[in-house]
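Visitor: One line per chain: the protein sequences are S and R, in this order. The working numbering applies: residue 1162 is where the first sequence begins, and numbers increase by one. The working numbering applies: residue 1162 is where the second sequence begins, and numbers increase by one. We treat Cβ as the ideally placed atom computed from N, Cα and C, and that holds for glycine. One structure coming up, written as structure tokens, with questions to follow.
Number of protein chains: 2
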Amino acid sequence: MKKPKVNTMEELAEAIGVSRPTLSRYFQSPELVRRTTSLKIQRGLAKVEYVPNFFATRLNRKSTGIIGVIIPYLNDLFFSNLLECIEIAAMEAGYSVISKCSHSDPTIEAGAAESFMSMNVDGVLVAPLGNQSDADVHQRLQSRIPFVLVDSRPATMPDVDFVGTNHVQSTGLITEYLCRVGGPPVFLAMPRVNFNALEREKAYIAKMNELGHKPTVIGVQPVENHWHFEAHGEAVLSAHLARGQLGNESILCANDRVAIGALRAAARHGLSPGRGREGGLRIAGHDDNPLCPFTVPALTTVAQNFEAIAKASISRLVAIIRTQVAGGAAQVQLFDGELKIRESA
Amino acid sequence: MKKPKVNTMEELAEAIGVSRPTLSRYFQSPELVRRTTSLKIQRGLAKVEYVPNFFATRLNRKSTGIIGVIIPYLNDLFFSNLLECIEIAAMEAGYSVISKCSHSDPTIEAGAAESFMSMNVDGVLVAPLGNQSDADVHQRLQSRIPFVLVDSRPATMPDVDFVGTNHVQSTGLITEYLCRVGGPPVFLAMPRVNFNALEREKAYIAKMNELGHKPTVIGVQPVENHWHFEAHGEAVLSAHLARGQLGNESILCANDRVAIGALRAAARHGLSPGRGREGGLRIAGHDDNPLCPFTVPALTTVAQNFEAIAKASISRLVAIIRTQVAGGAAQVQLFDGELKIRESA
DNA sequence: CTCCCTTTTTTACGTGCGTAAACTTTACAG
DNA sequence: CTGTAAAGTTTACGCACGTAAAAAAGGGAG
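This is the structure:
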């Protein structure tokens, strides 16, 4: 049952009885050799155990066929979903992806970038940390390899390709919905871990002003940069309710995880959010976390189209790779959010 | 501001004014060259932009310093947490990790394994899919590289190093708790995506028999292998309650995500699970998903010690790598679960 | 200044495969 | 059977670095 192990293409060529360059061509694409030799090679491969050396393969190629992906944080279903879609899109585009997680540490992010550069990856997709991200790292990446930002865009890098959600639209959409169906919402901010936090906040304020309402933001934490969104949401709303607010407001949370914490706070105060009761407490989120349909009550939110974002970012990256327009005009693609009306608002 | 780009060590050696082998030694460890030359090299490095080629570096080395990690599914906070801990543990052990996600597809899992073998990784950590996993792939991995299984262990591979949770203990623990504090629980099974599903089920049955109660399992789906645990939990419990069960049972769910679905079903039937009411509905989970403290009611569960699992698996893998005992006696390490009593049971 | 040891340089080869050019074989039509 | 194009082989070089051995340079003690 144990097949003899063959370590190099040279040995393999000898074992099968073809020349090494022919083998090389076969591995690049079996159609490049004659049908009969192709079969001969296939039969030979079935008889031995051989895997071409990854490093040797990439060492002397113009293109490595690798796309590097840097994600800030994995313990968040939004990012794991996004990453999954990105990997699948890249696979379909014929690239293999190597993904690294920053663990919300700029040093690790920089290391990942360094590592990708040293691998001569064909391109890099980065979902950046917030202000913590080292701007120099992004600069270097951009000047060396095809480079696209996803999800969140540092204000310091205006001329970079970017694919993300149109937060003005998405946040505006749910703000407008909340105003239309009930009282104008208060905005429960999230820790400023990235630039989307601020973008949503600003979008909320703009839409409120547009509709002639007075915007109110609670839960701003300029200093702390943590990812304990649920605890943040619960603490802020709990304090808010304890301060004597009667719980007949609409609360728009900066994201679903904050909203889940808020739902919890409401429940602890004996309140049951929902759009049914006129004037009652309502809570809405943002992102359409997979758990939203299962919270009690099910969370009304606005979905980010991360599938489209993933596909678009990969296809943009591939376009840059193909045409080598490293210095071309930066392209910004923003996708609309979609309202998911459930029970909580 | 722009530093001149240096592509090869040779160019770098010339630019700095030392020989290439000296540089090579410096990069392996700066202590290997004289203090003065070390400083000279450092000053030189500061003046140019140079990153050593990753592939060339690994091509001709006995050890690549890479650990490959294969995870079955990323859109689950348990696995993303586990992966995070594994990455950090490996980092601390001086290895860089490359992680691949199977996306619950045996073909992708096999491809990832292939890829790791072609990279001559020093070792591989695999959290396998269930019965879907290709046993041959694991066999090949084991016969070629240091190899450790994590989280779930195929019954077909008894003589492999394994690190995971002691489900007999953990499930027994919560079963015993539920029996002690209220009525003996019904077990709400999860889709059989891996072997843990069955292990927990068996552990529940064993503990119930031990305590002299009649075990009851609902929600078994032998065919479907999906990861929509919440929907599964909601559907099963909803049907169960609709069948006229009065909702005064204890429900032990196979994992927290199933339990979150069950909580939802309970809420829709007007029931509010909790240990407070004598004889009322109680719902418990397994895993201690990060969201458990924030569900309504907060979910009572039993935590897996994934931090310990991650550390132990990496340290076991490193031990195998160091001693080259590929054929040594397989070691199984099981970690106990810890009861997390909250509100739901 | 000389001897001896340490550090560095020179030189050379190896890693596994891509790739190009020149040459030889094979296939098929005429 | 012959000519020609396609397919295959041989040969040779390159990729960027690891590594070993020999030769040269440096540094301190006597």
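Within the 8 Å Cβ cut-off, does residue 1509(S) reach chain R?
Guide: Because chain S is modelled from 1162 through 1506, residue 1509(S) falls outside the range shown and cannot be assessed.
Visitor: Looking at the strands, I want to know which residues DSSP matches up with residue 1464(S).
Guide: Paired residue(s): 1448(S) and 1499(S).
Visitor: Could you compute how far the alpha carbon of residue 1252(S) sits from the alpha carbon of residue 1260(R)?
Guide: For residue 1252(S) and residue 1260(R), the distance between alpha carbons rounds to 15 Å.
Visitor: Using the C-alpha atoms, what's the distance from residue 1444(R) back to residue 1373(R)?
Guide: Rounded to the nearest angstrom, the two C-alpha atoms are 21 Å apart.
Visitor: By the 10 Å Cβ neighbour count, where 16 or more other Cβ atoms means buried, how is residue 1446(R) classified, buried or exposed?
Guide: It counts as buried.
Visitor: Please list, in chain order, the chain S residues whose beta carbon lies closer than 8 Å to that of residue 1238(R).
Guide: Per Cβ cutoff of 8 Å: 1236 and 1238.
Visitor: With three or more beta-carbon pairs closer than 8 Å as the criterion, would you say the region 1267–1278 of chain R touches the region 1287–1307 of chain R?
Guide: As far as the Cβ criterion goes, the region 1267–1278 of chain R touches the region 1287–1307 of chain R, which means the pair count is three or higher.
Visitor: Which chain S residues are close to residue 1217(R), counting only those with a beta carbon under 9 Å from its beta carbon?
Guide: Going along chain S in sequence order, the residues near residue 1217(R) (Cβ under 9 Å) are 1216 and 1220.
Visitor: Just checking my contact of residue 1458(S) with residue 1476(S) at CB under 8 Å: how many whole Å lie between their CB atoms?
Guide: Not quite, the Cβ-Cβ distance comes to about 38 Å (not below 8 Å), so this is no contact.
Visitor: Which residues share a DSSP beta bridge with residue 1166(S)?
Guide: Looking at the DSSP assignment, residue 1166(S) forms a beta bridge with 1210(S).
Visitor: Quick check: what's the CA-CA separation for residue 1220(R) versus residue 1185(R)?
Guide: Approximately 14 Å between the Cα atoms of the pair.
Visitor: Hey, could you find the ends of the alpha helix (DSSP H) residue 1417(R) is sitting in?
Guide: Note, residue 1417(R): alpha helix (DSSP H), 1417–1429.
Visitor: Going straight from the alpha carbon of residue 1238(R) to that of residue 1262(R), what length do you get?
Guide: Going from the Cα of residue 1238(R) to the Cα of residue 1262(R) covers about 14 Å.
Visitor: Assuming contact is defined by CB atoms lying nearer than 8 Å, are residue 1479(S) and residue 1254(S) in contact in what I supplied?
Guide: For residue 1479(S) and residue 1254(S), yes; Cβs fall inside 8 Å.
Visitor: Skipping 5 residues on each side, what residues in its chain have a beta carbon closer than 8 Å to that of residue 1355(S)?
Guide: Hits under 8 Å: 1233, 1289, 1290, 1291, 1312 and 1313.
Visitor: Which term fits residue 1416(S), buried or exposed, when burial requires 16 or more other beta carbons within 10 angstroms of its beta carbon?
Guide: Buried, by the Cβ-count rule.
Visitor: How about residue 1393(S): is its Cβ closer than 7 Å to a heavy atom in the ligand ATP?
Guide: Summarising the ligand content, the structure contains no ligands, and the ligand ATP is consequently not present.
Visitor: May I ask you to report which of helix, strand or coil DSSP gives residue 1326(S)?
Guide: Strand at residue 1326(S).
Visitor: Just the Cα atoms here: how many angstroms apart are residue 1231(R) and residue 1468(R)?
Guide: If I take the Cα positions, the gap works out to 17 Å.
Visitor: Judging by CA-CA distance, which residue of 1210(S), 1466(S) and 1226(S) is the nearest neighbour of residue 1324(S)?
Guide: Ranking 1210(S), 1466(S) and 1226(S) by Cα distance to residue 1324(S) puts 1466(S) first.
Visitor: When you compare each of 1286(R), 1280(R), 1295(R) and 1249(R) to residue 1268(R) by their alpha carbons, which one comes out closest?
Guide: Taking only the C-alpha atoms, the option nearest residue 1268(R) is 1295(R).
Visitor: How many Å lie between residue 1404(R) and residue 1419(R) at the Cα?
Guide: The alpha-carbon atoms of residue 1404(R) and residue 1419(R) are separated by roughly 19 Å.
Visitor: Tell me the rounded alpha-carbon separation between residue 1376(S) and residue 1266(S).
Guide: Each residue's Cα considered, the two are about 33 Å apart.
Visitor: When DSSP labels each residue in this structure, what does residue 1443(R) get in the three-state scheme?
Guide: Correct three-state label for residue 1443(R): strand.
Visitor: Considering residue 1229(S), what are the terminal residues of the alpha helix (DSSP H) in which it resides?
Guide: No alpha helix (DSSP H) contains residue 1229(S), which is instead part of the beta strand (DSSP E) from 1227–1232.
Visitor: Which stretch, first to last residue, makes up the alpha helix (DSSP H) that contains residue 1262(S)?
Guide: It is not in any alpha helix (DSSP H) - residue 1262(S) instead sits in the beta strand (DSSP E) that spans 1257–1262.
Visitor: What's the gap between the Cα of residue 1308(R) and the Cα of residue 1414(R)?
Guide: Taking the straight line from one Cα to the other gives about 32 Å.
Visitor: What does the alpha-carbon distance come out to for the pair residue 1200(R) and residue 1247(R)?
Guide: The straight-line gap from Cα to Cα measures roughly 35 Å.
Visitor: Please give the ranges of any alpha helix (DSSP H) in the region 1275–1346 of chain R, keeping only runs that are unbroken, at least 4 residues long and fully inside the region.
Guide: Counting whole runs of 4 or more residues, the region 1275–1346 of chain R contains the alpha helix (DSSP H) stretches 1296–1305 and 1328–1342.
Visitor: Measure from the C-beta of residue 1443(R) to each C-beta in chain S and report whether the shortest distance is under 8 Å.
Guide: No, residue 1443(R) lies away from the interface with chain S (no Cβ there is under 8 Å from its Cβ).
Visitor: Are any of the Cβ atoms in chain S nearer than 8 Å to that of residue 1409(R)?
Guide: Not closer than 8 Å to any Cβ of chain S, the Cβ of residue 1409(R) fails to qualify, so no.
Visitor: Output yes if chain S places a C-beta closer than 8 Å to the C-beta of residue 1588(R); else output no.
Guide: Absent from the structure is residue 1588(R), since the part of chain R shown begins at 1162 and ends at 1506.
Visitor: Tell me whether residue 1349(R) sits in a helix, a strand or coil according to DSSP, three-state version.
Guide: Strand.
Visitor: Hey, would you say residue 1347(S) sits closer than 8 Å to residue 1306(S), going by beta carbons?
Guide: Cβ atoms of residue 1347(S) and residue 1306(S): not closer than 8 Å.
Visitor: Just checking: is the beta-carbon of residue 1255(R) within a distance shorter than 8 Å of some beta-carbon in chain S?
Guide: For residue 1255(R), the answer is no, since every Cβ of chain S falls outside 8 Å of its Cβ.
Visitor: Kindly list the residues whose CB is nearer than 8 Å to the CB of residue 1127(S), restricted to its own chain and excluding five residues on each side of it in sequence; keep chain order.
Guide: Summary: the structure shown does not reach residue 1127(S), with chain S confined to residues 1162 through 1506, and so no result is reported for it.
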